[in-house]
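Student: So for the sequence shown, our numbering puts the first residue at 76; every next one is plus one. Glycine is no exception: its CB is placed at the ideal position from the N, C-alpha and C atoms.
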Amino acid sequence: MIGGLLLGLVVALQPYHPEPGELPHFDKVKHVAAFLVFGWMAQRAWPDRLHLPLLGLLAYGGLVEIGQGLLTTTRSASWADLLADALGLLLAWGWAAWRLRQAPRPTAG
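Structure follows, in C-alpha coordinates:
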(Lines of atoms letter the chains of each structure in order from A and count residues from 1; the text may use other names and numbers.)
(Lines give C-alpha, C1' and ligand atoms only; values in the text may rest on other atoms or scores of the structure.)
Protein backbone atom coordinates (compact mmCIF):
# COMPACT_ATOMS: atom_id res chain seq x y z
CA MET A 1 0.00 0.00 0.00
CA ILE A 2 2.76 2.44 0.97
CA GLY A 3 4.64 1.61 -2.22
CA GLY A 4 1.56 2.35 -4.30
CA LEU A 5 1.04 5.69 -2.57
CA LEU A 6 4.67 6.66 -3.07
CA LEU A 7 4.51 5.68 -6.73
CA GLY A 8 1.30 7.70 -7.08
CA LEU A 9 3.01 10.73 -5.55
CA VAL A 10 6.02 10.44 -7.85
CA VAL A 11 3.78 10.14 -10.92
CA ALA A 12 1.59 13.04 -9.75
CA LEU A 13 4.58 15.36 -9.42
CA GLN A 14 6.09 14.52 -12.81
CA PRO A 15 5.52 16.92 -15.72
CA TYR A 16 2.27 16.10 -17.50
CA HIS A 17 1.90 16.41 -21.23
CA PRO A 18 -1.29 14.89 -22.66
CA GLU A 19 -0.72 12.43 -25.47
CA PRO A 20 -1.78 13.62 -28.92
CA GLY A 21 -5.37 12.54 -29.46
CA GLU A 22 -6.00 11.96 -25.74
CA LEU A 23 -9.63 12.48 -24.87
CA PRO A 24 -10.41 15.72 -23.02
CA HIS A 25 -10.39 15.24 -19.26
CA PHE A 26 -9.00 11.69 -19.57
CA ASP A 27 -6.80 12.52 -16.59
CA LYS A 28 -9.97 12.46 -14.45
CA VAL A 29 -10.53 8.84 -15.50
CA LYS A 30 -6.98 8.12 -14.37
CA HIS A 31 -7.71 9.74 -10.99
CA VAL A 32 -10.87 7.67 -10.52
CA ALA A 33 -9.04 4.47 -11.48
CA ALA A 34 -6.04 5.14 -9.24
CA PHE A 35 -8.16 5.92 -6.20
CA LEU A 36 -10.43 2.95 -6.88
CA VAL A 37 -7.31 0.77 -6.69
CA PHE A 38 -6.08 2.58 -3.56
CA GLY A 39 -9.52 2.07 -2.01
CA TRP A 40 -9.49 -1.61 -2.96
CA MET A 41 -6.07 -2.01 -1.32
CA ALA A 42 -7.36 -0.26 1.80
CA GLN A 43 -10.38 -2.58 1.90
CA ARG A 44 -8.06 -5.59 1.71
CA ALA A 45 -5.82 -4.22 4.47
CA TRP A 46 -8.51 -2.89 6.83
CA PRO A 47 -11.83 -4.57 6.03
CA ASP A 48 -13.40 -3.72 9.40
CA ARG A 49 -12.37 -0.04 9.49
CA LEU A 50 -12.66 1.01 5.88
CA HIS A 51 -14.00 4.51 6.55
CA LEU A 52 -10.76 5.64 8.26
CA PRO A 53 -8.37 4.61 5.46
CA LEU A 54 -10.71 6.07 2.85
CA LEU A 55 -10.72 9.41 4.66
CA GLY A 56 -6.93 9.20 4.88
CA LEU A 57 -6.75 8.50 1.14
CA LEU A 58 -8.94 11.50 0.41
CA ALA A 59 -6.58 13.63 2.52
CA TYR A 60 -3.66 12.13 0.56
CA GLY A 61 -5.39 13.20 -2.67
CA GLY A 62 -5.74 16.72 -1.29
CA LEU A 63 -2.07 16.82 -0.32
CA VAL A 64 -1.10 15.63 -3.80
CA GLU A 65 -3.11 18.48 -5.31
CA ILE A 66 -1.45 20.99 -2.99
CA GLY A 67 1.94 19.53 -3.92
CA GLN A 68 1.16 19.86 -7.60
CA GLY A 69 0.23 23.49 -7.10
CA LEU A 70 3.26 24.37 -5.01
CA LEU A 71 6.04 22.08 -6.25
CA THR A 72 5.53 21.86 -10.01
CA THR A 73 5.38 24.29 -12.90
CA THR A 74 3.55 21.99 -15.34
CA ARG A 75 0.70 21.00 -13.04
CA SER A 76 -1.77 22.82 -10.87
CA ALA A 77 -4.02 22.04 -7.94
CA SER A 78 -7.49 21.08 -9.10
CA TRP A 79 -10.76 20.63 -7.23
CA ALA A 80 -11.95 18.50 -10.17
CA ASP A 81 -9.04 16.11 -9.63
CA LEU A 82 -9.87 15.84 -5.92
CA LEU A 83 -13.51 15.19 -6.82
CA ALA A 84 -12.38 12.42 -9.20
CA ASP A 85 -10.27 10.98 -6.37
CA ALA A 86 -13.34 11.03 -4.11
CA LEU A 87 -15.41 9.30 -6.80
CA GLY A 88 -12.84 6.50 -7.04
CA LEU A 89 -12.93 6.08 -3.26
CA LEU A 90 -16.73 6.13 -3.26
CA LEU A 91 -16.75 3.37 -5.88
CA ALA A 92 -14.30 1.34 -3.78
CA TRP A 93 -16.49 1.81 -0.70
CA GLY A 94 -19.60 0.78 -2.65
CA TRP A 95 -17.86 -2.29 -4.00
CA ALA A 96 -16.71 -3.26 -0.49
CA ALA A 97 -20.26 -2.77 0.87
CA TRP A 98 -21.69 -4.88 -1.95
CA ARG A 99 -19.16 -7.65 -1.27
CA LEU A 100 -20.02 -7.59 2.41
CA ARG A 101 -23.72 -8.05 1.59
CA GLN A 102 -22.87 -10.97 -0.71
CA ALA A 103 -20.81 -12.80 1.91
CA PRO A 104 -22.51 -15.84 3.39
CA ARG A 105 -23.97 -15.18 6.79
CA PRO A 106 -23.50 -17.66 9.63
CA THR A 107 -26.68 -19.48 10.54
CA ALA A 108 -27.94 -19.69 14.09
CA GLY A 109 -28.45 -23.10 15.45
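Taking contact to mean 3 or more Cβ pairs, one atom from each stretch, closer than 8 angstroms, check whether the region 106-115 and the region 126-139 are in contact.
Tutor: Segments in contact, yes.
Student: Let me know if H106 comes out buried or exposed under the rule of 16 or more other beta-carbons within 10 Å of its beta-carbon.
Tutor: buried
Student: Would you tell me roughly how many angstroms separate the C-alpha atoms of T147 and L88, rounded to the nearest one?
Tutor: 7 angstroms
Student: Any idea what DSSP makes of L94, helix, strand or coil?
Tutor: The identity of residue 94 in the sequence shown is Glu, whereas the question assumes Leu. Looking at E94 - three-state DSSP - the assignment turns out to be coil, as it is neither helix nor strand.
Student: Under DSSP, the alpha helix (DSSP H) around M116 begins and ends at which residues?
Tutor: According to the DSSP assignment, M116 belongs to the alpha helix (DSSP H) that extends over F101 to A120.
Student: Kindly give me the distance between the Cβ atoms of Q118 and A167, rounded to whole angstroms, as I take these residues to be in contact under 8 angstroms.
Tutor: 6 angstroms
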